[in-house]
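Chains L and R supply the protein sequences, listed in that same order. Going by this note's numbering, the letters in the first sequence line up with residues 2 to 144, in that order. Going by this note's numbering, the letters in the second sequence line up with residues 2 to 90, in that order. For each residue, glycine too, the CB sits at the ideal point set by N, CA and C. These numbers come from a predicted model, not from an experiment.
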Amino acid sequence: MTDNRRQVLDMLAARQITVEEADRLIAAIEEGPMPAAATGLVERPATAPRYLRVIIDAVDDDEGPIKVNVRAPLQLLRAGVRLASLIPPQAQDEVNTALRKHGVGFDLSQIKPENLDELIDHLGDLTVDVEGERNTKVRVFCE
Amino acid sequence: MIPLAAVIAVRPDRRSSDRRLWIPVPLFLVWLLALPFLVLALPIFFIACQASRVDPFRALWILWQLLCALRTTRVSVEHREASILVHIF
C-alpha cells in the first residue's frame, strides 16, 4: 500500500473526508503521479483563501436558465459573524431556545473570535456541490 | 478602507452580448451625503445600544469592519431576458 493511499484511508478513518472524497482521491492516485499540491494530501497552499464563491445554475420552466455568481470576501463573513456578538443577551436566549426547538443544539454565545478565525481558516478546504431537481446546481467553495 | 466606488453593469437582452450598460456609482459621494444624517442619528444609536445593553463603540467598530469588508464583492445574476453585475471596489 502506498503512503498516499494509506494517508487517504487514515483521513477517512478520522472522518476528515467523506467516502466519496476518499474514492475520488484514491482514483486520482491510481491514475498516476500527480503534483503533491493537486492531491491536497501533503501541504496546504501557502496562500489562504480570500473569497467565498457561490455559483447557482438553475433552469426554470417558465423563466429559462438563471445563473447566479457571488464572490464575497471572507473578511465580510468574518465581520458578519462578529455581528452575532452584538445580539443582546435576551435575544440570544430566544434564538438559542428556537434553535433547540428545531433540533439544533447551537449556542450563539459560544461564538468567539478565535473559534471564528479557525472556522474561516478551515473553510479553504470546503467545497459543497448540491444537485437538485430540475437541473439546479449549487456550488459553494473558497478561492 | 470603506468601498469608494461600485459598478453596476446591466445587459437588458442576453442576445446583445456587447450591449452592456455600465453604471459607475461613486460611493464616496454617498458616504459624504450620508455623513450629516449619520452624525444626527448617532445619539439615537447610542440610546438604542444602552437600552439593549450593547457596547455602542464595539457596535460601531463591527459595523465599520462590515462596511470595509464589502470591498471586492461581486454579484452577478444572468437571466434569459437580462443580466446584472454589481462590483464593489
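A direct Cα-Cα distance of roughly 46 angstroms separates I63(R) from A28(L). N136(L) counts as exposed, since fewer than 16 other C-beta atoms from the protein chains shown sit within 10 angstroms of its C-beta. P50(L) has a beta carbon lying at 8 angstroms or more from every beta carbon in chain R. Taking CB atoms only, Q66(R) has a neighbour in chain L less than 8 angstroms away.
For K68(L), the chain R residues whose Cβ falls inside 9 angstroms of its Cβ are S77, V78, E79, H80 and S84, in order along the chain. If you look at P50(L), you'll find it isn't in any alpha helix (DSSP H); DSSP assigns it neither H nor E. With fewer than 16 neighbouring CB atoms inside 10 Å of its own CB, I24(R) falls in the exposed class.
Taking the Cα positions, L41(R) is about 25 angstroms away from V26(R). With fewer than 16 other Cβ atoms from the protein chains shown falling within 10 Å of its own Cβ, P90(L) counts as exposed.
Spatial neighbours of M12(L) in its own chain (CB-CB distance under 6 angstroms, excluding positions within 5 residues in sequence) are listed in chain order as I18. Not flagged as an interface residue toward chain L: A6(R), since no C-beta distance is shorter than 8 angstroms.
With respect to chain L, the C-beta atom of I63(R) has a partner C-beta closer than 8 angstroms. The shortest CA-to-CA distance from L5(R) to any of R81(R), E82(R), T74(R) and V78(R) is the one to T74(R). In this chain, the alpha helix (DSSP H) harbouring V82(L) covers L75 to R83. Going by C-alpha positions, Q76(L) is about 21 angstroms away from V69(L). Judged by pairs of C-beta atoms under 8 angstroms, the region 30–44 of chain R does not touch the region 48–60 of chain L, as fewer than three such pairs exist.
G65(L) and P13(R) have their C-alpha atoms spaced approximately 15 angstroms apart. Partner residues in the beta bridge of V129(L), as assigned by DSSP, are V141(L).
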